[in-house]
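Asks: For the sequence shown, the working numbering gives the first residue as 182, with consecutive numbering after it. The beta carbon of each residue, even a glycine, is placed where N, CA and C say it ideally should be. Every value quoted in this text rests on a predicted model; they were computed, and no experiment measured them. Encoded as structure tokens, here's the structure I'll be asking about.
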Amino acid sequence: MKEVLVIGAGIAGIQASLDMADAGFTVHLVEKEATVGGHMAQTDKVFPTLDCSSCILTPKMVSVGQHPNIRLYTLSEVGKIEGEAGNFTIEVIRHPRYVDESKCTGCGACAEACVMKGRIKNAFDMGIGKRGAVYIPFPQAVPLKYTIDPETCLTLSRGKCKKGPPCKLACAAEAINFEDTEKTVTLRVGAIVIATGYDPFDPKLKPEYGYGKYPEVLTALEVERLCSASGPTLGEIIVNGKKPTKVFFIHCVGSRDHTVDNLYCSRVCCMFTAKQAHLVKDKVPDAKVTVTYIDIRAFGKGYEEFYNRVQSEGIIYRRGVISEVFKKGDKLFVRGEDTLLGETYEEVADMVVLAAGLVQRKEGLEIIRKLGVQTGEDRFFTGPSPLDPVETGLPGIFLAGCCVGPKDIPDTVVQASGAASRAMSVLAAATSGGNG
Ligand SMILES: Cc1cc2nc3c(=O)[nH]c(=O)nc-3n(C[C@H](O)[C@H](O)[C@H](O)COP(=O)(O)OP(=O)(O)OC[C@H]3O[C@@H](n4cnc5c(N)ncnc54)[C@H](O)[C@@H]3O)c2cc1C
Ligand code: SF4
Ligand code: SF4
């Protein structure tokens, strides 16, 4: 059996798929969203080098879309999984796109014509940017095929749109298909790589920070979209229509915190905060930027040096995280304790950024749990040995990326290549008549 299933097309699933496809195996890559890329596609620059994230990711996304050995199933999920290492039977459920992928040229005429254009919050932009009912999540999406959202499309949700409907009239390729339905594809594969990634922690579970109540309080992923030159503000840091001048970052939101039952460290927040503090200061040089922290975990190559660089740029690090964000009149305040100086403070802020941690994904994991993949106390997937993070303990099934626990992109890529190499051993053994 020379075929393999990869579940999830973030950087982990992309890297594992490219490694196996380049080695001559046929990869079935299943992604639940309309595009590959995962969370890395949402980030603007990467720490500690400040390289443009999409400059690294886009070529890999394009390779996945064009590779002769990769079959990409977007808007899809895994249904039943049966069998054993070397011989699994998998059902892939393909949700309707309502746009014929084989006809759509990606020209965008439908989106221009859509009566809902600019009225729907775009989840890729964390709801800051707007889209229509027919859309692509971002311009570098792979595949570059438009999708109709059945919840907000007037034809699909209410049975009636403006005469035409306009999207269909605009599409010269005749790709719009309101009759599209869910389809099931059955695959036979020798091994499985799970790369389902993470969800950001929901900061509404920490109401003391006022997220969702005060528009000045943002999450780190929202700030990634604000920083991005192709994002909803074209890279400008704008809050309440103005550039902020007093910015506070709060570390460890939802991490190392027994009140939300997340005792683990999310590992990347110290560094993405340092990166964002640098970017905010770079874009708004007059801003006073303060990072409040418990302690700094700058463990990777070049990370400590980056943290030192950011401090030398005038960003203030204050030990002791902020305990409360609140409003007095129309002014936003933060209240905290500086544990080095041993004093409490209350200061005005016009932007507060929550370094929300990383948590196990809520949805779509039942099928993986049914397979018997274990989860640890942190709810992330785990295997029999912490010294072998790609192993599930189940023959032929391997783990890659943040579905095992929070990690940065370099560690994600390394683990993805590790999982790919284990999966290829199983495939090779099955092909040569061994038992994997
Ligand atoms: C604000 C922020 C900034 C960051 N900045 C940096 C940085 O500068 N440098 C750095 O090294 N790291 C950074 N990180 C960490 C980085 O985001 C992760 O290391 C990386 O995205 C992990 O990739 P992944 O593929 O494991 O997971 P994800 O990116 O979560 O991808 C998982 C994919 O699987 C899909 N999926 C999930 N469940 C299913 C299912 N059941 N079926 C099919 N598909 C499914 C998802 O839709 C998604 O496409 C940052 C993180 C945050 C929150
Ligand atoms: S107008 Fe037709 S071909 Fe062009 S992007 Fe829309 S669906 Fe695709
Ligand atoms: S039918 Fe109407 S609402 Fe739906 S995608 Fe077309 S123009 Fe937009």
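#1: For Lys543, is the classification buried or exposed, using 16 other Cβ atoms within 10 angstroms of its Cβ as the cut-off for buried?
#2: With which residues is Arg500 paired in a DSSP beta bridge?
#3: Whose C-beta lies closer than 6 angstroms to the C-beta of Lys629 among residues of the same chain, with five residues either side of it excluded?
#4: Would the beta-carbon of Cys584 be found less than 6 angstroms away from any heavy atom of ligand 3?
#5: Who are Pro381's beta bridge partners in DSSP?
#6: With a cut-off of 8 angstroms, do at least 3 Cβ pairs link the segment 241-256 to the segment 334-352?
#7: Let me know the secondary structure DSSP gives Leu580 once reduced to three states.
#8: With distance defined between alpha-carbon atoms, name the residue in Glu505, Tyr474 and Met452 nearest to Glu486.
#9: Taking 7 angstroms as the threshold (C-beta atoms), are Ala468 and Val428 in contact?
#10: Any idea if Leu415 is buried or exposed, counting beta-carbon neighbours within 10 angstroms, 16 or more meaning buried?
#11: Is Tyr327 close to ligand 2? I mean its beta-carbon at under 6 angstroms from any heavy atom of the ligand.
#12: Only counting the same chain, and skipping five residues up and downstream in sequence, which positions put a Cβ closer than 7 angstroms to that of Lys343?
#13: Is Cys450 helix, strand or coil when you go by DSSP?
#14: Could you check if Val374 belongs to the surroundings of ligand 2, using beta carbon to heavy atom distance under 6 angstroms?
#15: Could you name each continuous alpha helix (DSSP H) segment of 4 residues or more that falls completely within the segment 387-411, going from the start of the chain to the end?
#16: Could you name the residues of the same chain whose beta carbon sits closer than 6 angstroms to that of Gly287, not counting the 5 residues immediately before and after it, in chain order?
#17: Could you tell me whether the Cβ atoms of Ala604 and Ala581 are closer together than 7 angstroms?
#18: Give every residue of the same chain whose Cβ lies closer than 6 angstroms to the Cβ of Glu505, excluding the five residues on either side of it in the sequence, and list them in chain order.
#19: How would you write the range of the beta strand (DSSP E) that Glu527 sits in, first residue to last?
Replies: Per the coordinate set shown:
#1: exposed
#2: Tyr474
#3: Since the first residue of the chain shown is 182 and the last is 617, residue 629 is not available in this structure.
#4: no
#5: Leu539
#6: no
#7: strand
#8: Met452
#9: yes
#10: exposed
#11: yes
#12: Val296
#13: helix
#14: no
#15: 401-408
#16: Leu325
#17: no
#18: Glu389 and Arg516
#19: Glu524 to Ala530
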